[in-house]
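In the numbering used here, the protein residues as written are 7 to 430. Even glycine gets a Cβ: it sits at the ideal position worked out from N, Cα and C. All figures in this text were calculated on a predicted structure; none of them were measured in a lab.
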């Protein structure tokens, strides 16, 4: 780079080598042309001065000679012709010499002029060549600029055409038969858009209809995605809302925020997104992805064309916090392990205490049964003792029993024994 100081304002600025060489060349060409012009004028002036000087000198000499001859005319008439011839001869020689000098100067001037013209012609040819090159580069740049302009123009025309098609689609969208049909078509549109992009960026994602209405309400779609190690890092509850232009009651987006937040919490989703065609003239909802977290946490309202962008936006944001979620899950698992350990220990204690209490109750019952058995055995013992007494008494009575006592008061038996020859 070269520093150039402006002779007028004194400002110093930098130019590259090619620009500096171009300026030097221009200055050199200008100075060279000026020098040639100056030299031409100088040669012309010098030639005029020399001619005038020669003429003045010749005229002076001639005048002097004439005066001398006039003064001597009377005495030297004979010498007048010779002197006159000599003067004429000298004048011719002087004139011839001056003419030769003028011719030499003209030749030198013509030579210098030819050289200067050749240099100027060469410089002009270089300039023409550079101008042609610059023109070629300029034309190429203009063509490239025109091509880029046409490409951008075509791109924006395509985008505009796409937007027009979307506008026409949504206008046709609103002309359907009923609000329910419109809502179902909006759901189908979002489902189709997701399926178009599923193979590209959502291979491991879950996006299905929310069919669980056990709590009394349900959203339209649930989006979930987990990392390869099974950590769920994003979940979104979607609600799609639309209505016909002829609908008497015009709903607002805010009418559905509370229910959507309730569905998000019941289905344990992190985010809630309302895909809405309501309030189509409201610029607040036509600017893009609208954050309404100031009313309900992690809730957004979008137009259908922002369906895929909002998923991508929230998904990329969640990916940045995946490591923190892994760490949080690890800590939760540790706490769960500790809690489970304490729970299992408490459950073991409860079961152990239950078994001990049951054993104690059974032990008490056994002692009671033993006491009852002892009492029963005691009663049995008493019964056996009474039975022994009765048996002894019966034995004693048996010992006292004789045949004589049996037949003593039985005449019939006496007669029988007599017949047998037994005497009592």
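Annotated three-state conformation of residue 295 is coil, per DSSP. The segment 236 to 245 makes contact with the segment 313 to 325; the number of CB pairs closer than 8 Å reaches 3 or more. Separation of residue 223 and residue 269 (C-alpha to C-alpha, rounded to the nearest whole angstrom) is 7 Å. Taking every protein chain shown into account, the CB of residue 192 has 16 or more other CB atoms within 10 angstroms, so this residue is buried. By a beta-carbon distance limit of 8 Å, residue 200 does not contact residue 231. Their separation comes to about 12 Å. Residue 256 is not a Cβ neighbour of residue 280, given a cutoff of 8 Å. When DSSP states are grouped into helix, strand and coil, residue 313 belongs to the helix group. Counting of Cβ neighbours within 10 angstroms places residue 278 among the buried residues, the total reaching 16 or more.
By the neighbour-count criterion, in which a residue is buried when 16 or more other Cβ atoms sit within 10 angstroms of its Cβ, residue 427 is exposed.
For residue 230, the enclosing beta strand (DSSP E) covers residues 227 to 232. Short of 7 Å from the beta carbon of residue 285, and not among the five residues preceding or following it, lie these beta carbons of its own chain, in chain order: 258, 259, 291. Across the structure, residue 43 and residue 108 are spaced so that their CA atoms are roughly 19 Å apart. Pairing residue 302 with residue 267 gives a Cβ-Cβ distance under 8 Å. Taking a contact as a CB-CB distance under 8 Å, the pair residue 111 and residue 53 counts as one, their CB atoms being some 6 Å apart. Secondary structure note for residue 425: its alpha helix (DSSP H) is the uninterrupted segment 417 to 426. Assignment of residue 306 by DSSP, reduced to helix, strand and coil, places it in the strand class.
Between residue 227 and residue 214 a beta carbon distance of about 7 Å is seen, short of the 8 Å cut, so the two are scored as contacting. Partner residues in the beta bridge of residue 278, as assigned by DSSP, are 243, 305. By the C-beta density criterion, residue 124 is exposed, having fewer than 16 other C-beta atoms within 10 angstroms. Each residue's CA atom was taken as its position, placing residue 171 and residue 153 some 26 Å apart. If you check the CB distance, residue 98 and residue 60 do not come in under 8 Å. For residue 213, the pairing in a beta bridge is given by DSSP as 229. Using a 10 angstroms sphere on the CB of residue 360, the tally of other CB atoms stays under 16, which defines it as exposed. Straight-line spacing of the CA atoms in residue 220 and residue 283 works out to 28 Å. A straight-line Cα-Cα distance of about 22 Å links residue 403 and residue 420. By the neighbour-count definition (other C-beta atoms within 10 Å, threshold 16), residue 195 is a buried residue. DSSP places residue 270 inside the alpha helix (DSSP H), whose first and last residues are 263 to 272. Looking at the DSSP output, residue 199 shares a beta bridge with no other residue. Sixteen is the threshold: when 16 or more other Cβ atoms of the shown chains lie within 10 Å of the Cβ of residue 310, as they do, the residue is buried. In the structure shown, residue 286 adopts coil according to DSSP, grouped into three states.
Contact annotation, residue 263 with residue 305: C-beta distance approximately 7 Å; criterion of less than 8 Å satisfied.
Selection 146, 96, 233, 101 evaluated against residue 330 yields 233 as nearest (Cα-Cα).
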